[in-house]
Amino acid sequence: DRIHRVIPVDDRLRSQRLPTVTTILRDSRNQLWFVGEAGIWQWNGSSGDTLQLRAMDLPDTLGRIYCLREDKDSRFWIGTSRGLVAWNPETHAIRGYRWLGPDQKRLSVNQIIVLDGGRLLLSLQNQGVALFQPRSGSIRFFYHDPRDERSLGYNTINTLFRDGTGMIWIGFWGEGADRLWLHSPFTSFGWHADDSRGLSHSSIRAILETKSGELWVGSYGGLDRFARPGGPRVQTYAEKEGLVNRNVYCLMAGSGGLWIGTEGGGLHHLNVRSGHIRSFRLPGEENNGDNLIFAMAADRDSLLWLGTARGIRRFDLKKEQYLDRGFSRGDSGTLPNDKVNAILHTGKETWIGTDHSGLIRFRRSGESLSDPHRFVRDPARKSGLQSDRILCLMEDRRGRIWIGTEEGLHRYLPDEQHFRHWDHEDGLPNNVVYRILEDTRGRLWLSTNQGLSCFDPETESFRNFSELDGLPGNEFNRGAAYRDRDGRLFFGGINGLVSFTPDSVLNRNTSPRVTITRMATSTSLHSTVQNGKQEYRYFPDYRVQLSSVPFQLEFSFSGLDFRPPSFVEYAYRLQGIQPKWRILSNGDHRVTYTHLPPGTYRLEVKARDIFSQEYGPSTTLEFVIPVPLWKSMPALVVYGLLFATLAWGVGRNVRRRNQLALRRSQLEIDRLRKMESMQRETIRNQERYHTLFEQSMDPIFIMEQDGTIVETNRSFQQMFPEAATSVQPLSLFTMVPDRDRQTQLQHRLESDGRVKDFPLEIPRPDSTVLYCLLSLQSIRESTSARSQMQGILRDITAQVERDREIQRLSHGIEAAGESILMTDKDGVIQYANPSFYRLTGYTSAEILGKTPRILKSGLQGKDFYQRMWETIRGGHRWSGLITNRKKDGSLYNANLTIAPLKDEGGDVTGYIAIHTDITQRIQLEDALRSSEQKYRRLSQKLIHIQDKERERISRDLHDSLGQFLATISIHMDMLASAVIPQMPDFMEKISHAKRLIQNAIEECRRLSFELNPLSLQRLGLPQAIRELIRTVPAESKLKINFEENISRDRLNPDLEMAIYRILQEALSNIIKYAEASQVD
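Residue numbers for the sequence shown follow the working numbering, so the first one is 460 and each next one is one higher.
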């Protein structure tokens, strides 16, 4: 954590300035070495704030020193301007290696990489790279050759790097990078114009190994003979040696030599011992299709079958003459006159693959053929042949027939008489299958136009190989493939020949090492930095101490491999939570944990190649989740203090409650006195709200949730006269015929619950279009659960027309009523119209050359401006509400629209911003909402007061008037008992009076119940409704069906009373006016 000053220890260097340090090396003994052009210094310990260096005694003949590396034997290798030097610092032994380049100049070594086995990879100054073996002293140079596209891309090397798989990456100055395979399982044989020991041509067409171990390769350059695979070329056979045509397409051993099929030259036989070539070319014109031989196969009857450009020709190997080919020119049941690409003999059957006529099977008996059957492309059947162009045929060890076509791989199923098909959707790198070979383990190797593919018939899975895996090229040729007696496979393509052992290719452990790249919490982000120091180990283990308990933890990791992510599979486990490894498939490299309890955790991650059986080394990240503050001991102490305070407060509250009870009576009196004034204030607020509603310059409307408009103001009716004359109520959604805009509006309402300045285009009856900005927000009736929407329309038709006029006439900007700014692409103001100056109060001298930041009010956050700049820099228009500050410091609200200005090429050259001042409208809307809220609060209070007053009147009727009438009834009974029975007229009048008194008592009870239903207070809403239904007079003949669907929990008393009053009034109106017979 400190900066140390470096000083030399040697007296001879103290007076000199320390030279430039180009390399710092820490060796196997943890010693530090500093390398400069003038020498090498060793760290000799530290003293205070200085690092003391000791210079190494090296001879001056080394030249300038460029780099320093240490091998496994603790020997140092020094790259100098005069070559390579091996140096032992303990014995001071020095050995130099010097080489001359093609220009006979001494080679300089700029960089060194130590490889396995002690080999060194050297970067040579302007002379490419070299692979040096110190034990034998051998060196191999890699130069740029413009005639060889597979040579080094450039001779000037900038950097060398070896990745985790052992691949060498070579970076050039301004020329990209190359890869160098030093451990590739593939052995390549290429062609070079100056190499007389290699292939005679790069495009390989045929491959064969004889019993003597010689390798024969046919190409467009003739027939090459090699003493052994990988050895030097012994001889090439072309026209000079006896071939009629040097394009060799197929080879077959037999008759003491080789049978050779050429393109246009017909059939040849080569006597290997004598080197003599005999031609069996059919007579005829130069382009005789029978002399173009593309396939060759011998049957058990010593007949050589030749696939030519005109069908099948058979050649008797004993008589060395052609047989009549009439069988191939018959009807639809025989061979067509078509190019034959493949021939396969299986037991007593012969299979022939043609170029356009599909696949043909014959029963074979001597020279005669029978039972012909042709398989052609049937796109309607998945189990049919998918292509008529057959490129190759192969019979595996189990007798199964495999067919390679230009539409993928097929397998013939004889029992079902159909085919099983695989193509690129099943894993093939390319649908064109040129050749199929079976290895010793029954796996199939396929050559295609996109590399090689290994197919496992048991698992029906593919594993593909391309140039990224070390192949000389991705495009191969038809027929160019061979398996030798040791199981080694050979394939030929347009870039030469490649050979390999299948097990060495498949069993490579290419599983990459893995590193944890990111750990993100719900509130913070931790990178791979600990204690302020960056770890220099490439795959270090980390420990992270979290400062708080996270809601969620997300980890990202990556395998250090340059192949596509889908080739890497990850496994992970979190010790303490997951004891077993869990696999991540499909290239996923993230894992998330939520709600982890406090503690110490260790996350282990490892990776493997999807084709490898073993995982690479694992990487561990240890992290600690602390105990949350609310569970700590100080928090528990605070909880205890809070509980004690709460107990004291409860006791104090009880005392105060008793005091407050004494004041309730006085407060009730004061409340009744204020009732009248509150009612008058409520009426005034309601009138004020309606006044603002009607006098607003903007059209305002109230609508239901389904869009039905139920109330409008004068401005709305002026804008839409049909609102006042239409019989059917208007709907907001039907006013907007555009289905997409309807959908967007409904989606905004569902997601946000409100809409702010939503643009609408409303067609008018006079064929014009009204452009508006719609603002919607929810309002709720104080006495009802029903929610409505209040909408405000702002007519922007003039603004739209003005914008269109601005686009047509540039001078219209000056006369525009909107404030307009134009900036360059960096946001510097280039122009502002007069409206902008009037709005903000600035002058042109104060604005031009500045940025719009001078208008910032500070009310919008950083995220607001970040989203705005991301939109317009992406070439899109941005619109929104913004609050800016004028020159005098006052704020104004504006609708801001910003659009990019583009040149003819589509590049952004600047931006245009249009401000619309909506300060007055927003203030009016705020005042309207405030009045509405105040009106609703007063209405609620008035209803509550009315209910209380009804309750009081109900008690008076029940307690006072009811008891008074009962007393009168008792006195009437006493009077009746005192009257002489002989006075019947008087007795009848007393009885009539008693009935009237009883009716009065029942009417008092009914009125008391209606004013204050006790069943509602005591039993709840459902029982009160039932009591209300029982009070319906029988003579009304009204049948009432009541279904209860209310939870057992009591509702709010005010809400229950409101529902009860609504039902009470509804039943009364139904009985009086509806003449209904049933109510549900």
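Glycine residues also receive a C-beta, built at the ideal position from the N, C-alpha and C atoms.
- A contact between stretches requires three or more CB pairs, one per stretch, nearer than 8 angstroms, and the segment 744–762 meets this requirement with the segment 801–821.
- Listed in chain order, the beta strand (DSSP E) runs fully inside the segment 937–986 are 948–952, 955–959 and 973–980, counting runs of at least 3 residues.
- In the three-state DSSP reduction, residue 1248 falls in the strand class (E or B).
- Bounds of the beta strand (DSSP E) holding residue 1062 are 1058–1068.
- About 18 angstroms separates the CB atoms of residue 1386 and residue 1235; that is not less than 8 angstroms, and the two are not in contact.
- Residue 1024 counts as exposed, since fewer than 16 other beta carbons sit within 10 angstroms of its beta carbon.
- Taken through DSSP and simplified to helix, strand or coil, residue 486 comes out as coil.
- Spanning the alpha carbons of residue 1227 and residue 1173 requires a straight line of approximately 21 angstroms.
- In this structure, the CA atom of residue 893 is about 22 angstroms from the CA atom of residue 918.
- By the beta-carbon neighbour count (other beta carbons within 10 angstroms, threshold 16), residue 1119 is exposed.
- Counting only residues of its own chain and dropping the five nearest sequence neighbours on each side, residue 672 has a CB closer than 7 angstroms to the CB of 687.
- When the alpha-carbon of residue 776 is set against those of 1526, 1289, 758 and 1400, the nearest one is in 758.
- Counted as a single uninterrupted DSSP element, the stretch harbouring residue 1101 is not any beta strand (DSSP E) but the alpha helix (DSSP H) occupying residues 1092–1154.
- Sequence-distant partners of residue 868 (beyond 5 residues in either direction) whose C-beta falls short of 6 angstroms from its own C-beta, in its chain, are 881 and 892.
- A distance of 7 angstroms or more separates the beta carbons of residue 741 and residue 729.
- Beta-carbon to beta-carbon, residue 964 and residue 646 are separated by about 11 angstroms, too far to satisfy the 8 angstroms threshold.
- For secondary structure counted as the beta strand (DSSP E) over 3 or more consecutive residues, the segment 882–923 holds these complete runs in sequence order: 892–897, 903–907 and 910–915.
- If you look at residue 589, you'll find it in the beta strand (DSSP E) that goes 588–592.
- Take the alpha-carbon of residue 625 and the one of residue 638: they are about 11 angstroms apart.
- Taking residue 1178 as reference, the option from 1256, 1027, 854 and 933 with the minimal CA-CA separation is 1256.
- Judged by DSSP in its simplified three-state form, residue 750 adopts helix.
- Residue 880 has 869 as its beta-bridge partners, per DSSP.
- Across the set 591, 1321, 582 and 1158, the C-alpha of 591 shows the shortest separation from the C-alpha of residue 576.
- Taking residue 1015 as the centre and dropping the five residues before and after it, the same chain places the C-beta of 976, 977, 1048 and 1049 closer than 7 angstroms to its C-beta, in chain order.
- Using a Cβ distance threshold of 7 angstroms, residue 1354 and residue 1371 do not count as a contacting pair.
- Counting only residues of its own chain and dropping the five nearest sequence neighbours on each side, residue 1287 has a CB closer than 8 angstroms to the CB of 1308, 1309 and 1310.
- When rounded, the separation of the alpha-carbon atoms in residue 602 and residue 587 is 5 angstroms.
- Nearest neighbour of residue 714 by Cα position, chosen from 483, 731, 875 and 1459, turns out to be 731.
- Burial check for residue 734: the Cβ neighbour count within 10 Å stays below 16, so the residue is exposed.
- Leaving aside the five residues that flank residue 1289 on each side, the residues in its chain whose CB is nearer than 8 angstroms to its CB run, in chain order, 1281, 1282, 1283, 1307 and 1369.
- Here the C-alpha atom of residue 1237 lies approximately 7 angstroms from the C-alpha atom of residue 1213.
- Counting only the Cα atoms, residue 1403 lies some 18 angstroms from residue 1124.
- Going by beta carbons, residue 935 and residue 906 fall inside the 7 angstroms limit.
- Within the same chain, Cβ atoms closer than 7 angstroms to the Cβ of residue 1157 are found at 1174, 1251, 1252, 1253 and 1380, the five residues on either side in sequence being excluded.
- If you check the CB distance, residue 1316 and residue 1342 come in under 7 angstroms.
- Pairing residue 1067 with residue 665, the inter-Cα distance amounts to about 37 angstroms.
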